[in-house]
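Asks:
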């Protein structure tokens, strides 16, 4: 609602042809305000091009709005161009008629005095909302609009933009009733379609008994029962049974979709149907039903309203008004790639925060049982002033509260957070309930510094924040002590807040007054204009760099003096980066990307003699590169001396270095600036995105290097790009990374997003992938690209120093997609010889891939058998140090189990995300999942090719993959998921030779376990 202005409710049915994948019909039912459908028979009466909806008994029927239909009256031609055009025309006609009909209805409402004096002053403006059964219908509608292209006219573009409105950005223009029902209710049936849900008993208001929707309607004095007319292949998912004189209608088939079967459409179009005896009776029934297809669709759209009205509403929502006359011209504001990046940040955080808040509807006790939280007691807040610090910090100590019947070991096996994580601590009255406002307004954000499972003690450091905003909750030490609190993950995102502020600043929406800092804001907005022009993936306008042959000549001389410091591929990549405006360096696992990046960094500084910013998403990545630069500086300087070239002193500045023990990078950094060399020299600023934006503000530096850019969100890169001197001609950018490894973590399904700006500007990509689009290398590119090497150049490393030959062979199919053929050392050692136990065989062979396959088949995110198998293999290891081994798993719950079982045997047990960039002599990958039904649910996450690549490529000598027979042999049905499983397919083909077999007793059952290794032919290949 908007005040007392009545809401225009538009219920929409998008009927798709399941064979042609096109829209056969669009049907809308329009209702005004909060008037309900009421009880009684449903009847339709013709009124021009509309159908009036009448509800009541006998002659006492009341007008309940109208239905508008646009239905295709002939089969599709099969010619894509013709069908695209005709489909677009169908959609355009429908929405032209719908907008006109709504306008006429609005004028009638105003003339009849439905609106008060206040609303009459806003004539022609109404709050508007669409209701569909499934969000898939909206996607089908947008797909039809996009297929029709520009030929369908501006109205369809307006529709595309209108459907692209999103909550937290403008307004959510439509609701999916299917999602509402699935979120709020347990329907007690396998079928999840509208026709299945409406057969249940739904509340119908005061004084009325719960009832199902009858799927009946009157038309020209004739009663139609659509459950019988359209029973074959549609309403036949239930069957009548008599038990003790009572009638029951159990499910006999599942109905997860609601589109009419194609046979009804063929009959409606009078296409000949099969005449064989086995289906003759069914075909006669279909022909009898076909003429009533339009009335069935009209009844279906009324059923949407019937179902929606009793669902509880959020009375606090106030929808903005839309001009009905201006609907054909509706457009979302296009603010370029920077504006799209801002929208991405805000909506992504909104989705993340909404998911977090939804979890808080569960009781604290249930969240603890799910491993999402811990209950704490004996909570104490204490002010601590550390030596050398100007401001005191608040330390929080507490004791873990044990739910009845649970031990600390039980909680440790479930809890998924760890030291260094950001958490939200909020008071609770009891383990069984918590006010939803408590974590929002009464809680504090803190860093989990110590989690002692032996003593049950917790130590945290409060992260203060006085006022809440879009990204960060308030966090203030409470005045009164808490007797009991719950510790959940924190939803606050400090980096996004900093990036948002910076991008808003360059868009001119920072909130400053009109006369405040005009010059400052003018410069910021000019940078925003240049960033929009240079870094738009669809139409980039990066200025061409003038060739500098002298620079390239000196660089060749220097690289020749460096000897074995770099291989030929690394040297070639560094040279390519000197003659381009934007340089992308892809470094597959173990190819020496950090080495090449550090040398390139030093050469840029010495040859271009300009300040530089060096950025990465994490403190770990920043420190790794900084350490490598320090380690190589003397060698590079010696090369300059041998080449008789001058050397400029450098001042390496580390902004806001990570405090010891802090693992996360989304906190506000302190004011401290740590300088590696405090003497005068050419400044080089190393830091995370947050630290650089905070300390450098409106800097204008010529050189920017982004390390691990494949892990950095594109909006973060755009914010960093505003620190460049983009108006000058000297600016250069280098991004290093590997888009075949893990991208930034996002919550929303952005690749399926219909919002126009998202499809054009791709703000959900990593910085590396987005610049790949500009370099004409990414498959996601959707428009013209730059092909001038002096603008953008992509270099790829291909010689891997770390990976064993078999591991290299295992991940090679993924890099074939980039045209990269990985090279490296020959395999060392052989395979296990003679009769050895399965547990010893891993250590009797040389380096390479070992596949441990078991028959367990009931696990999803925790697998005790796999933990036991890894423990037995490690017990058989001769003189293996814990720091030489890492165990990796996709799931945090399984990580906790592995840590408990392997305590003292392994230095590192973690998820794939935490190990990216790391390496160990021996890597165990525990895939965990084995339940067949669970594999289908988890396949998108579990088989993700980038995640699998990271897990497989951490090994320096041995990779041991522990996996169930079910997962190893699993073949996804969807094409995209099948292509994602390429590394598992390669693993099956590579490891074919069985070298040992055991039978393991576990959990009251016995499981076969096999150890497979590559055969000689596979290893040689």
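In full-length UniProt numbering, the protein residues as written are 1 to 1021. Just so you know, even glycine gets a beta-carbon here, dropped at the ideal spot from N, CA and C. Predicted model only: the values in this text are computed from it and were never measured.
(1) Measuring alpha carbon to alpha carbon, tell me which residue in 564, 257, 767 and 228 is nearest residue 282.
(2) Would the beta-carbon of residue 437 fall within 9 Å of that of residue 307?
(3) Let me check understanding here. Comparing Cα to Cα, which of 508, 980 and 340 lies closest to residue 943?
(4) Are the stretch 64-83 and the stretch 19-28 touching, with three or more C-beta to C-beta distances below 8 Å?
(5) Go through its chain and collect everything with a Cβ distance to residue 874's Cβ below 6 Å, but skip five positions before and after it.
(6) How do the stretch 883-901 and the stretch 923-942 stand: do at least 3 beta-carbon pairs fall below 8 Å, yes or no?
(7) Who does residue 128 pair with in a DSSP beta bridge?
(8) Taking the CB atoms as reference points, tell me whether residue 349 and residue 144 lie closer together than 9 Å.
(9) Give every residue of the same chain whose Cβ lies closer than 6 Å to the Cβ of residue 6, excluding the five residues on either side of it in the sequence, and list them in chain order.
(10) In whole angstroms, what is the alpha-carbon distance linking residue 993 and residue 470?
(11) Would you tell me roughly how many angstroms separate the C-alpha atoms of residue 8 and residue 157, rounded to the nearest one?
(12) Just to check my reading of the structure: residue 163 and residue 174 have Cβ atoms closer than 8 Å, yes? What is that Cβ distance to the nearest angstrom?
(13) Quick check: what's the CA-CA separation for residue 169 versus residue 983?
(14) For a test of your reading of the model: does the CB of residue 971 fall under 8 Å from any non-hydrogen atom of the ligand MN? Yes or no.
(15) Where do the ends of the beta strand (DSSP E) carrying residue 43 lie?
(16) When the Cα of residue 454 is compared with those of 407, 483 and 712, which residue comes out closest?
(17) Here's a check: name, in chain order, each residue in its chain whose Cβ is nearer than 7 Å to the Cβ of residue 336, leaving out the five neighbours to either side.
(18) With the cut-off set at 9 Å, would you say residue 855 and residue 1008 are in Cβ contact?
(19) Hey, residue 866 and residue 859: beta-carbon distance below 9 Å or not?
(20) Using a Cβ-Cβ cut-off of 8 Å (strictly less than) and excluding sequence neighbours within five positions of residue 632, which residues of its own chain qualify?
(21) Figure out for me which residue from 796, 877, 50 and 172 has the closest Cα to the Cα of residue 574.
(22) Measuring only the C-alpha atoms, how far is residue 353 from residue 441?
(23) Does the distance from the C-beta atom of residue 268 to that of residue 290 stay below 9 Å?
(24) Residues bridged to residue 71 by DSSP?
(25) What did DSSP end up calling residue 971 once you bin it into helix, strand or coil?
(26) Between the Cα of residue 324 and those of 101, 241 and 480, spot the shortest distance and give me the residue it belongs to.
(27) Does residue 262 come out as helix, strand or coil in the three-state DSSP assignment?
(28) So, for residue 1002: in the same chain, excluding its five sequence neighbours on each side, which residues have a beta-carbon less than 7 Å away from its beta-carbon?
(29) Distance check for residue 370 and residue 13, CA to CA, integer angstroms please.
(30) If you drop the 5 nearest sequence neighbours on each side, which residues of the same chain put their C-beta closer than 8 Å to that of residue 351?
(31) Consult DSSP for residue 101 and reduce its assignment to one of helix, strand or coil.
(32) Hey, residue 394 and residue 422: beta-carbon distance below 9 Å or not?
(33) When the Cα of residue 968 is compared with those of 997, 974, 935 and 837, which residue comes out closest?
(34) Alpha carbon to alpha carbon, how far is residue 706 from residue 686? Give it in angstroms, no decimals.
(35) Quick check: the stretch 718-732 against the stretch 632-642, are there 3 or more CB pairs under 8 Å?
(36) Going by the CB atoms, is the gap between residue 226 and residue 237 shorter than 9 Å?
Replies: Result, derived from the coordinates:
(1) In the chain shown, counting from the first residue as 1, residue 282 sits at position 282. Comparing Cα positions, the closest option is 228.
(2) The sequence position of residue 437 within the chain shown is 437, counting from 1. The sequence position of residue 307 within the chain shown is 307, counting from 1. No, the Cβ-Cβ distance between residue 437 and residue 307 is not below 9 Å.
(3) Here residue 943 refers to the residue found at position 943 of the chain shown. The option with the nearest alpha carbon to residue 943 is 980.
(4) yes
(5) Here residue 874 is taken as the residue at index 874 of the chain shown, counted from 1. Excluding residues within five positions, the ones whose Cβ falls inside 6 Å are 905.
(6) yes
(7) Within the chain shown, numbered from 1, the residue matching residue 128 stands at position 128. Partner(s): 8.
(8) Position 349 of the chain shown, counted from the first residue, corresponds to residue 349. Position 144 of the chain shown, counted from the first residue, corresponds to residue 144. In this structure, residue 144 does not lie closer than 9 Å to residue 349 by Cβ.
(9) One-based indexing of the chain shown puts residue 6 at position 6. Excluding positions up to five away in sequence, the list reads 32 and 33.
(10) To locate residue 993, count along the chain shown from 1; it is residue 993. To locate residue 470, count along the chain shown from 1; it is residue 470. For residue 993 and residue 470, the distance between alpha carbons rounds to 56 Å.
(11) As a first step, residue 8 must be located in the chain shown, where it is residue number 8. As a first step, residue 157 must be located in the chain shown, where it is residue number 157. Cα-Cα distance, rounded: 21 Å.
(12) Indexing the chain shown from 1 puts residue 163 at position 163. Indexing the chain shown from 1 puts residue 174 at position 174. Their Cβ separation, rounded to whole angstroms, is 7 Å, which keeps residue 163 and residue 174 in contact under 8 Å.
(13) Counted from its first residue, the chain shown places residue 169 at position 169. Counted from its first residue, the chain shown places residue 983 at position 983. Going by the C-alpha atoms only, they are around 39 Å apart.
(14) Only the bare structure without any ligand can be found here, which leaves the ligand MN out of the picture.
(15) Indexing the chain shown from 1 puts residue 43 at position 43. Residue 43 -> beta strand (DSSP E) spans 41-47.
(16) Looking up residue 454 in the chain shown gives position 454. Distances from the CA of residue 454 to each of 407, 483 and 712 were compared; the closest alpha carbon is that of 407.
(17) Within the chain shown, numbered from 1, the residue matching residue 336 stands at position 336. If we look at residue 336 and ignore the five residues flanking it on each side, its Cβ neighbours are 532 and 536.
(18) Here residue 855 refers to the residue found at position 855 when the chain shown is read from its first residue. Here residue 1008 refers to the residue found at position 1008 when the chain shown is read from its first residue. Against a cut-off of 9 Å, the Cβ pair of residue 1008 and residue 855 comes out as a contact.
(19) What you label residue 866 is simply residue 866 of the chain shown in a count that begins at 1. What you label residue 859 is simply residue 859 of the chain shown in a count that begins at 1. Yes. Within cutoff.
(20) The residue labelled residue 632 in the question sits at position 632 within the chain shown. Answer for residue 632: 565, 595, 598, 599 and 602, listed in chain order.
(21) Start at 1 with the first residue of the chain shown, and residue 574 comes out as number 574. Of 796, 877, 50 and 172, the residue nearest in Cα terms is 796.
(22) As a position in the chain shown, residue 353 is number 353, starting the count at 1. As a position in the chain shown, residue 441 is number 441, starting the count at 1. Across the structure, residue 353 and residue 441 are spaced so that their CA atoms are roughly 14 Å apart.
(23) The residue you call residue 268 lines up with position 268 of the chain shown. The residue you call residue 290 lines up with position 290 of the chain shown. Contact annotation: residue 268 and residue 290 have beta-carbon atoms nearer than 9 Å.
(24) Taking the chain shown and counting its residues from 1, the one referred to as residue 71 is at position 71. Bridge partners of residue 71: 25.
(25) Taking the first residue of the chain shown as position 1, residue 971 is located at position 971. Three-state result, residue 971: coil.
(26) Looking up residue 324 in the chain shown gives position 324. Comparing Cα-Cα distances from residue 324 to each of 101, 241 and 480, the minimum goes to 101.
(27) Walking along the chain shown from the start, residue 262 turns up at place 262. Three-state DSSP puts residue 262 in a helix.
(28) For the purposes of this step, residue 1002 is taken as residue 1002 along the chain shown, with counting starting at 1. 865 and 868.
(29) By one-based count along the chain shown, residue 13 stands at place 13. By one-based count along the chain shown, residue 370 stands at place 370. Cα to Cα, residue 13 sits roughly 39 Å from residue 370.
(30) Working through the chain shown from its first residue, we reach residue 351 at position 351. Hits under 8 Å: 747 and 748.
(31) The residue labelled residue 101 in the question sits at position 101 within the chain shown. Three-state DSSP puts residue 101 in a helix.
(32) Sequence index remark: in the chain shown, residue 394 carries index 394 (1-based). Sequence index remark: in the chain shown, residue 422 carries index 422 (1-based). Not closer than 9 Å, so no.
(33) Counting from 1 along the chain shown, the entry for residue 968 is found at position 968. For residue 968, the nearest C-alpha among the options comes from 935.
(34) Within the chain shown, the letter at position 686 stands for residue 686. Within the chain shown, the letter at position 706 stands for residue 706. Each residue's Cα considered, the two are about 10 Å apart.
(35) no
(36) Residue numbering aside, residue 237 sits at position 237 when the chain shown is read from its first letter. Residue numbering aside, residue 226 sits at position 226 when the chain shown is read from its first letter. Not closer than 9 Å, so no.
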